[in-house]
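Novice: In the numbering used here, the protein residues as written are 2 to 139.
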């Protein structure tokens, strides 16, 4: 696992008005660090460690934003693959999406009583059933 190398190799800088593609009805929180640029090299990384790092970068404001709203990234317990990913000079939003797709998952933002939650959901699970990240897939 080369997560430490990936974190050390992360290159972050503020960028302008890059926007991600959202499906109709999707909601995304106003987190300025989603626009930050990052480069990562991951080999057989534990996805939980990777998404914890993403959460720390998004929450810290060190990736170029300040005043980010409260949020949490939740991974389904059934995600049992390792993550190998190489991205160069992409937004943090794109890196999140690439990591999810590499795990055969999708991302879904939602708001729980003023706190933003980003669910990382395996492709074969319906988003509505993901309310509890410890719930076993059935």
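From the three backbone atoms N, C-alpha and C, an ideal C-beta is built for every residue, glycine too.
Looking at C-alpha atoms only, which residue of 78, 94, 102, 75 is the closest neighbour of residue 86?
Specialist: Taking the chain shown and counting its residues from 1, one reaches residue 86 at position 85. For the residues 78, 94, 102, 75, the minimum Cα distance to residue 86 belongs to 102.
Novice: Which first and last residues belong to the alpha helix (DSSP H) in which residue 58 is found?
Specialist: Taking the first residue of the chain shown as position 1, residue 58 is located at position 57. Where residue 58 is concerned, the enclosing alpha helix (DSSP H) stretches over 48-61.
Novice: Determine the extent of the beta strand (DSSP E) in which residue 85 is found, giving its start and end residues.
Specialist: Residue mapping note: residue 85 aligns to position 84 of the chain shown, counting from 1. Element bounds for residue 85: 84-92.
Novice: Anyone know if the C-beta pair for residue 118 and residue 73 falls short of 9 angstroms?
Specialist: For the purposes of this step, residue 118 is identified with residue 117 of the chain shown, where counting begins at 1. For the purposes of this step, residue 73 is identified with residue 72 of the chain shown, where counting begins at 1. In this structure, residue 73 lies closer than 9 angstroms to residue 118 by Cβ.
Novice: By DSSP's criteria, residue 125 is part of a beta bridge. Which residues make up the other side?
Specialist: Residue mapping note: residue 125 aligns to position 124 of the chain shown, counting from 1. For residue 125, which the question treats as bridged, DSSP gives no partner whatsoever.
Novice: Quickly, what does DSSP pair residue 43 with across the bridge? List them, please.
Specialist: Numbered from its first residue, the chain shown carries residue 43 at position 42. Answer is 86.
Novice: Who are the near neighbours of residue 108 in its chain, counting only those whose CB is closer than 8 angstroms to its CB and skipping five residues on each side?
Specialist: Here residue 108 is taken as the residue at index 107 of the chain shown, counted from 1. Excluding sequence neighbours, residue 108 sits near 97, 98, 101, 119, 120, 121, 122.
Novice: By Cβ distance, which residues of its chain are closer than 8 angstroms to residue 83, with the 5 residues on each side in sequence left out?
Specialist: Reading the chain shown from its first residue, position 82 is the one you call residue 83. Closer than 8 angstroms at the Cβ level, and outside the excluded window around residue 83, lie 2, 45, 46, 47, 48.
Novice: So what's residue 109 in DSSP terms, helix, strand or just coil?
Specialist: Mapped onto the chain shown, residue 109 falls at position 108. Three-state DSSP puts residue 109 in a strand.
Novice: Whole angstroms are fine: how far does the CA of residue 77 sit from the CA of residue 56?
Specialist: For the purposes of this step, residue 56 is taken as the residue at position 55 of the chain shown. For the purposes of this step, residue 77 is taken as the residue at position 76 of the chain shown. Answer to the nearest angstrom: the Cα atoms are 15 angstroms apart.
Novice: Counting only the same chain and skipping the five closest in sequence on each side, list residues whose C-beta sits under 7 angstroms from that of residue 125.
Specialist: In the chain shown, residue 125 corresponds to position 124, counting from 1. None.
Novice: Just mark residue 114 as buried or exposed, buried being the case when its beta carbon has 16 or more other beta carbons within 10 Å.
Specialist: Walking along the chain shown from the start, residue 114 turns up at place 113. Residue 114 should be labelled exposed.
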